[in-house]
Amino acid sequence: MEDPYEALETVRDRVIHVHAKDISFEQAESDRGSVTGTPVGCACGEGVVDWDRILHLLDPIDSDLTLSVECGTIDQAATSIEYLQGLITARKSTSISMMQERAR
1382 MEDPYEALET VRDRVIHVHA KDISFEQAES DRGSVTGTPV GCACGEGVVD
1432 WDRILHLLDP IDSDLTLSVE CGTIDQAATS IEYLQGLITA RKSTSISMMQ
1482 ERAR
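If you count the sequence shown from 1, you need to add 1381 to reach my numbering.
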């Protein structure tokens, strides 16, 4: 099976839109390799997807990357947006600190 993070790394310079969703650890394990037709998902950051790694690979700080959040409930969507914004804000802060260090 192909590693999705490695696959993303090979095309990251062409990615402009990411469909952001996650799946719980339990459901990922029980449904692995099957198509169930049942709704799946949880808030981003609460499941198996390593969003910090994805955002690191895509580096949305200096790009026009669009993240579209898809969740089963409005609460999950709100949690996902808050989580992803937090990761992006933390990356911006780290990036600014690194630039300030280089300028010294």
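Cβ coordinates follow ideal geometry from the N, Cα and C atoms, glycine included.
Neighbourhood of residue i by C-beta distance below 7 angstroms, restricted to the same chain and skipping five residues each side
{"i": "Ile1397", "result": "Asp1445, Leu1446 and Thr1447"}
{"i": "Glu1390", "result": "Leu1438"}
Cut-off 8 angstroms between Cβ atoms - residues of its own chain near residue i, not counting five sequence neighbours on either side
{"i": "Trp1432", "result": "Ala1401, Asp1403, Cys1425, Gly1426, Tyr1464, Leu1465 and Leu1468"}
Three-state secondary structure (DSSP) of residue i
{"i": "Asp1403", "result": "strand"}
{"i": "Thr1460", "result": "helix"}
{"i": "Leu1446", "result": "coil"}
Closest residue to residue i among the options (Cα-Cα distance)
{"i": "Tyr1386", "options": "Cys1423, Ser1405, Arg1434 and Val1429", "result": "Arg1434"}
{"i": "Gly1453", "options": "Gly1422, Val1399, Leu1389 and Thr1470", "result": "Gly1422"}
{"i": "Ser1405", "options": "Leu1389, Val1429 and Thr1470", "result": "Val1429"}
Residue i versus residue j: straight-line alpha-carbon distance, rounded
{"i": "Leu1436", "j": "Ile1455", "result": "23 angstroms"}
{"i": "Ser1461", "j": "Leu1439", "result": "18 angstroms"}
{"i": "Val1392", "j": "Ser1474", "result": "26 angstroms"}
{"i": "Val1399", "j": "Ser1449", "result": "6 angstroms"}
{"i": "Glu1407", "j": "Asp1394", "result": "33 angstroms"}
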